[in-house]
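Let me begin by presenting the structure, written as structure tokens, before commenting on it.
There are 2 protein chains.
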Amino acid sequence: MTTIRDVARLARVSISTVSLALNSPQRVGAETLDRIQQAIKSTGYRIDPVAQTLARGRSSLIGFVAANLGNMFFGDIRREIERQGLDNGYFVLIADSSGRADLERALLERLEAQKIAGIALAANGHGEEYATFLRDFKTPIVMFDQKVEGAERDFVGSDNPLTTTILTEHLLQLGHRRIGFISGPNSLHTANERLKGFMNTMTGAGVEVDPSLVVEGGYTRTGGHAQAMRLLTRRDRPTAIIGANNMTGLAALQVMQEMGFRCPDDVSLAMVDDVPWSNVITPRITMVVQDAQKLGELAAQRLLARIASPEGATAPPEDFILTPRFVRGESTRRL
Amino acid sequence: MTTIRDVARLARVSISTVSLALNSPQRVGAETLDRIQQAIKSTGYRIDPVAQTLARGRSSLIGFVAANLGNMFFGDIRREIERQGLDNGYFVLIADSSGRADLERALLERLEAQKIAGIALAANGHGEEYATFLRDFKTPIVMFDQKVEGAERDFVGSDNPLTTTILTEHLLQLGHRRIGFISGPNSLHTANERLKGFMNTMTGAGVEVDPSLVVEGGYTRTGGHAQAMRLLTRRDRPTAIIGANNMTGLAALQVMQEMGFRCPDDVSLAMVDDVPWSNVITPRITMVVQDAQKLGELAAQRLLARIASPEGATAPPEDFILTPRFVRGESTRRL
DNA sequence: ACATCATGTCGAACCGGTTCGGTGGCTAAT
DNA sequence: ATTAGCCACCGAACCGGTTCGACATGATGT
């Protein structure tokens, strides 16, 4: 391994001059700069990022923390952050919290110990104590998808109440009144907002919500499956089901198939978020989708800005809310 | 930040003793050890991984490099490696090469500069020069999925010729003779082996293969779509199609749906590898699946063994080949 | 009683960079 | 001619650990 000292010796300058040449070339004399660059070429010198991190107190790594990388939604965001990160010289360190707040916290602390430059986080914790933890974190954090009230961090997400409002209005328009709603964990911001969107739209339309038709599927496949099963085995089963995310929506479809119900003839279905290959699933599911790529873009830009400049670090936190898009499928029919 | 020197001062020992206490407690006197641990508790000292990496010349990070994290297959493997890694104190640094060999190589070099402890790699490069690059890499590497001849590294994968052999035999048994095969990039080991499995089974059964029915879909959704389109728009279109991986297989299904063909009534379909939610796709696709979790387990174990012990580092490379499993769906019918 | 050895601890060098307070030489202002 | 100021460069301290050789002490062997 050739070090900065080897380069200095070869170029007959001090190591501090080499360091200068590397970091602020304009502050070094033209001829000297030339000699140094020659020496770098001929030795094949590559700066040691670890030593640099130790000396600078900050690495060129960016952290990406989410609940479930298997979910295409997070995958798309990750890809975008990784792309922009690499372009700016950052490596992306990925960690999957599996939706566990305690694990997520441990991960964040480990990332911080690595002197990571910044973190993109889809939080799974909640509550005041957690918000304080996030607020006092010294490393720049940009939150996406899940907003944590009181964390006072940049946030990039979608208009979540709107997602379910759109789907609910759509179903109401088709004549549905008994609508089952498979919600997410009430510790999650998006889950609460989506539930709110549903409830408000229903009551706003003068339709009373049967509370037993609102179930909590944990945003997961297994949770969604169990709850869809509960909804569909009832005598007075709903005429339509809304899945608050892609996992629970598809789980509901799976249950319908397993139980021999036909969608949409027997039960209508709509959900929030897309999945890969949704266009080969029969029936094409009616959904509201978020622009994951755009979300990733915004999150990455904001994070890089925070990291790069001192003024970026002190700017007040900002929210970026995108409007989701309605995609009509064939999984909903007029009653 | 409290450092090792703070702890040393508080425990009234030298910093080297604190370091000893941390790394080989049995070499430190009981009473001294006690004082040091007290000091650690009371200061809340946490070792700085960056400084440790610099001093040791090796970090506690593991790299995971694959072509497409969005593909569930890689996702499952990643999850397993991450799980085992975390259990052993390793963080997993993920990088997506997007299937580009040059990018992959750059990523590997960056990982090495981070003094990463080990790498799990699904290679996308090929050729002798690339094999040499991998062989001479100083960091432990365990390869999975894609074997690179001459790299002389541990390899964890499936019996790839068998995957397509099984599918081909299945289709032959159903009376199919004109079978379209959407292959992967011939720079990839798995693609070649799967193609070989198909060709050998066909000729072994005395069936001549129409070379124009063997196309190269690049293992990607778009490539698979284009090639499936070519196959299905022919007058003498095949009666069955095999997708060499999940992307191309599903792309073929998508084309069938777009063109109004019914599967399996008009064209039969089979593919290698599963996708999430395949059980809500109609028809249920006949496939041969790899045990991704088991693959991840093996890869992680092997990598950790290489990293942990000096004898592990010198052990000769070994191949671990798993047998894939046939999953019969309803996408293939008797002619 | 003396050489031998194991045990516990320490000092100092080292890993490979960054950064800050100089210093010497040269030009510009007074 | 003197002072001021700037430019290019350097020395040394520092980031926070690890590791190795040395040393003091007390136990063991003969």
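Residue numbers (the working numbering), protein chains in the order written: chain B, 1 to 335; chain Z, 1001 to 1335.
All residues carry an ideal CB built from backbone N, CA and C; glycine is no exception.
Assignment of beta-bridge partners to residue 1143 of chain Z by DSSP yields Z:1121 and Z:1155. DSSP places residue 67 of chain B outside any alpha helix (DSSP H), giving it a letter other than H or E. Distance from the CA of residue 111 of chain B to the CA of residue 117 of chain B, rounded to the nearest whole angstrom, comes to 9 Å.
For residue 121 of chain B, there are no C-beta contacts with chain Z under 7 Å, since the nearest C-beta of that chain is about 16 Å from it. Here residue 1239 of chain Z has 1176, 1178, 1267, 1268 and 1335 as same chain residues with Cβ atoms under 7 Å from its own Cβ, once five neighbours each way along the sequence are excluded. Secondary structure at residue 116 of chain B: coil, using DSSP grouped into helix, strand and coil. Residue 1048 of chain Z has a beta carbon lying within less than 8 Å of a beta carbon in chain B.
When DSSP states are grouped into helix, strand and coil, residue 330 of chain B belongs to the coil group. The Cβ atoms of residue 298 of chain B and residue 148 of chain B do not sit closer than 8 Å to each other.
Only exposed fits residue 29 of chain B, as fewer than 16 other CB atoms lie within 10 angstroms of its CB. With contacts defined as CB atoms closer than 8 Å, residue 26 of chain B and residue 1050 of chain Z fail to qualify as a contacting pair. Under the three-state reduction of DSSP output, residue 319 of chain B falls in the strand class. In the pairwise beta carbon analysis, the region 1245-1256 of chain Z is classified as touching the region 1216-1227 of chain Z: at least three pairs are separated by under 8 Å. What residue 1072 of chain Z touches in chain B, judged by beta-carbon distance under 7 Å, is 70, going in chain order.
Secondary structure at residue 244 of chain B: coil, using DSSP grouped into helix, strand and coil. Excluding five sequence positions before and after residue 10 of chain B, the CB atoms of its chain that fall closer than 6 Å to its own CB belong to 39, given in chain order. Under the Cβ distance rule, residue 96 of chain B counts among the residues neighbouring chain Z, one pair being separated by less than 8 Å.
With a beta-carbon spacing of about 5 Å, residue 166 of chain B and residue 288 of chain B fall inside the 8 Å limit used to define contacts. Spatial neighbours of residue 213 of chain B in its own chain (CB-CB distance under 6 Å, excluding positions within 5 residues in sequence) are listed in chain order as 180 and 238. Taking CB atoms only, residue 231 of chain B has no neighbour in chain Z less than 8 Å away.
Residue 257 of chain B has a beta carbon lying within less than 8 Å of a beta carbon in chain Z. At the C-beta level, residue 264 of chain B and residue 193 of chain B stay beyond 8 Å of one another. Residue 1234 of chain Z and residue 1306 of chain Z have their alpha carbons spaced roughly 52 Å apart.
No Cβ of chain B is located within less than 8 Å of the beta carbon of residue 1290 of chain Z.
Residue contact with chain B for residue 1033 of chain Z: absent (no Cβ-Cβ distance below 8 Å to any residue of chain B).
The beta carbon of residue 91 of chain B sits closer than 8 Å to some beta carbon of chain Z. In the DSSP assignment, residue 203 of chain B falls within the alpha helix (DSSP H) that extends over 189-204. Within the same chain, Cβ atoms closer than 6 Å to the Cβ of residue 1072 of chain Z are found at 1275 and 1276, the five residues on either side in sequence being excluded. Listed as beta-bridge partners of residue 1325 of chain Z by DSSP are Z:1289.
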